[in-house]
Amino acid sequence: MKGKLSKQIFTSILKISGLVLLACLVLGGGIFYYGYNRRIQQELYKQALYLSDTINGKKPGEIQKLPEKKDRVTLLDQNGRVLYDNQVDPSQLKSHYDRPEFQKALKEGFGFVRRFSTTMDKQTINYAYKMPDGRVLRVSKQVDSLFNPFLQGIIPLAIVLGFLLLLTSLAAKQLVQEIVRPINHIDLDHPTDQALYEEIWPLVQRISMQNKALDRTLARERERQEEFQWMVDHMSEGLLLVDDKERIVSFNNSALYLLEGHKVRRGEHFRNLRVDPGLEMDIRSGLQGHRSRKIFKRENGSYEINIHPIAQNDRISGAVVLVLDVTQREELEQYRREFTANVSHELKTPLTSIMGFGELLGQGLVKDQDIHRVGNRIESEAKRLMDLVSDLLKLSQIEEGGDIFKKGCFSPQEVIQSVLGHLKEIAEKKDIQLIFSGESSTLVGQKKLFYEMVYNLVDNGIKYAKGPGYVQVDLEEDLNSIQLWVKDNGPGIEPEDQPRIFERFYRGDKSHSSEIKGTGLGLSIVKHAVKVFEGTIDLKSSSNGTTFHMEFPKTR
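In case it helps, UniProt numbering puts the sequence shown at residues 1 to 556.
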């Protein structure tokens, strides 16, 4: 339960002031009552002494009629019989023996008694005095109720006290403002730096402690938020959060890049991104509770956009837009389709030839003099088919990391010379000169795999070169690596074909001409072989020829 401190302080001060003033009023009334009563008593006492001196020892008949007064004078004998009364005939009065003032006077020498008449709202004050002659003189004074003069005196006093109470309330209000002003102006960030009341110092210290604890908590939260934002900003995936008012809550740079959106700030409407209209519709659909997943293709790649609504208490409060760069995945899928098509084509071509020649032989449609030629063609196509299957298996094992070749130390120079020796006859038929220059060195790895790599590069150079020409292999060794160059003076590789030249079945001539024999897997085997050796490979090609450059670390 809460209440205003200023009101409580003001009420307390006003209550205390009221109680003090009430106490003053009661005390003043008591003092007034006591003084009034004392004055009447003194007045009656003086009258009694004066009259006692006058009538002491005189008989009732000797007492002259007293001047007419408001006060009543009565003379009583020792038995309470009325001997004289200045206002009433004594014979008509009964004995006053049982009157309290008479009894007190007999016993104590005087008696002071007041009697109140409720019917007349009057009060009679009786003072009885025992004279030296033994008789009792009573002086009575009839006055209004003592409450009436009390009221007559108390009303002005109450007015004064009311005025004082008003002044007190104004002063209390001002005092309350002075008390609460420093409290209302406490610097909550630096409360202990101010001069404040000692009574509220424990509160100030608690505020200071709470501030420090809150600062630590906020610092931790800011650190977590910054860490989270750093991770979000450095995500390769794009992240965009939109609330139910279509305002941007959070985003990262990847989202702007992948969505090709304009620079925006948090709190802006998401349409300020100026993204694809179809994407805007999908985001609005997500804010209505519908999930979506779409692939957008652009010049720089393919992107998968996932939109998920955020539900809270059965209410859609926003949507998450997650953008994934699936260019590589889509390319791999495209490569897979092309690979499947190429494998089918490469397998289908020799199989078709074999089946065709087989049918001709089976139906006896081949002349005797052509049987030898047809048989050689079938054998050639079968060998081509076997080479294709062998290369596919070999490439698959290399990609999977299978240890199909024995690892050890070998001389690259010897391997290169062996390759050139095996291909020398083929090169001479095409008027291609094989050139080698290099130093004796040692490399750690799979010798057979290195042989396959060099063989495929030199073989490709011979296949695509037109005589007269050359294929040159250079081997160099430095402190940390061995470098290998394979150069030819062939027609070169077109720039648009160079990024894909290491793909399976990809050929730069686009023709798959039967004039250039091969499986189309040679350079793919080369690329993976270099990777096994933890080396690098790059190529430079122009219309004057192609150069493959490889670098292998000596130790791995």
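Cβ atoms here follow ideal geometry from the backbone N, Cα and C, with glycine treated the same way.
Residue j and residue i - do their beta-carbons sit closer together than 9 Å?
i           : j       : result
Val-458     : Leu-434 : yes
Glu-551     : Ser-481 : yes
Val-143     : Thr-124 : yes
Gly-80      : Asp-98  : yes
Ile-469     : Ile-426 : Before going on, a small fix: residue 469 reads as Gly here, not Ile. For Gly-469 and Ile-426, no; Cβs fall outside 9 Å.
Glu-237     : Val-323 : yes
residue 562 : Val-471 : What the structure shows of the chain is the stretch from 1 to 556, and residue 562 is not part of that stretch, so it cannot be assessed.
Val-232     : Asn-252 : yes
Val-139     : Leu-76  : no
Phe-533     : Leu-449 : yes
Val-113     : Ser-95  : no
Leu-287     : Ile-305 : no
Phe-436     : Asp-474 : yes
Arg-329     : Ser-353 : no
Leu-239     : Phe-270 : no
Lys-430     : Gly-467 : yes
Gly-267     : Arg-247 : yes
Thr-442     : Ser-411 : yes
Gln-413     : Gly-438 : yes
Gly-111     : Lys-122 : no
Leu-175     : Ile-40  : no
Ser-17      : Ala-172 : yes
Please report the distance separating the alpha-carbon of residue i from that of residue j.
i       : j       : result
Arg-373 : Met-386 : 20 Å
Val-249 : Ala-311 : 15 Å
Phe-116 : Tyr-127 : 15 Å
Ser-511 : Leu-332 : Residue confidence is low: Ser-511 scores 49 on pLDDT, short of 50, so the model does not pin down where it sits. No coordinate-derived value is stated.
Ser-513 : Tyr-464 : In this predicted model, Ser-513 has a pLDDT of only 46, less than 50, meaning its place in the structure is not dependable enough to derive any value.
Leu-93  : Val-73  : 13 Å
Asn-313 : Lys-15  : 52 Å
Met-120 : Leu-21  : Because Met-120 sits at a pLDDT of 45, beneath the cut-off of 50, its placement in the model cannot be relied upon, and the point is left open.
Ala-219 : His-190 : 17 Å
Ile-31  : Asp-71  : 25 Å
Leu-106 : Tyr-34  : 26 Å
Thr-209 : Pro-309 : The question names Thr, but residue 209 in the sequence shown is Met. Whole-angstrom Cα-Cα distance: 42 Å.
Pro-186 : Lys-263 : Note on residue identity: the sequence assigns Ile, not Pro, to residue 186. Their backbone Cα atoms lie some 42 Å apart in a straight line.
Leu-164 : Asn-184 : 29 Å
Asn-56  : Ala-48  : 11 Å
His-234 : Gln-177 : 56 Å
Gly-535 : Met-281 : 49 Å
Ile-155 : Leu-25  : 10 Å
Glu-452 : Val-486 : 14 Å
Asp-53  : Pro-60  : 15 Å
Ser-542 : Asn-456 : 20 Å
Asn-37  : Val-160 : 24 Å
Asn-544 : Leu-351 : 37 Å
Gln-205 : Glu-198 : 11 Å
Lys-245 : Leu-273 : 15 Å
Asp-368 : Gly-375 : 11 Å
Val-526 : Met-355 : 32 Å
Lys-447 : Cys-409 : 8 Å
Leu-170 : Ile-207 : 32 Å
Leu-256 : Val-530 : 37 Å
Leu-166 : Ala-23  : 16 Å
Tyr-84  : Glu-101 : 17 Å
Glu-494 : Arg-500 : 11 Å
Between residue i and residue j, which are expected to be in contact by the criterion C-beta below 8 Å, what is the C-beta distance as a whole number of angstroms?
i           : j       : result
residue 559 : Lys-540 : The question about residue 559 has no answer, for the chain in this structure spans 1 to 556.
Val-326     : Ile-283 : Going by Cβ atoms, the distance from Val-326 to Ile-283 rounds to 19 Å, so no, they are not a contact pair.
Phe-357     : Ile-378 : 5 Å
Ile-307     : Arg-291 : 6 Å
Gln-78      : Gly-134 : 5 Å
His-549     : Asp-538 : 6 Å
Leu-318     : Asp-243 : Reading the sequence as shown, one finds Gly at residue 318 and not Leu. Gly-318 to Asp-243, Cβ: 4 Å. Contact.
Gly-490     : Gly-522 : At roughly 14 Å, the Cβ-Cβ gap does not stay under 8 Å, so Gly-490 and Gly-522 are not in contact.
Val-275     : Leu-258 : About 10 Å separates the two Cβ atoms, so there is no contact after all.
Let me know the alpha helix (DSSP H) ranges lying completely inside the region 64 to 116, each 4 residues or longer, listed in chain order.
100 to 108
Which full runs of the beta strand (DSSP E) of 3+ residues lie inside the region 198 to 269, going along the chain?
238 to 243 and 248 to 251
In chain order, what are the residue ranges of uninterrupted alpha helix (DSSP H) at least 4 long that sit wholly in the region 399 to 482?
412 to 429 and 447 to 464
Inside the region 304 to 386 only - beta strand (DSSP E) runs reaching at least 3 residues
315 to 325
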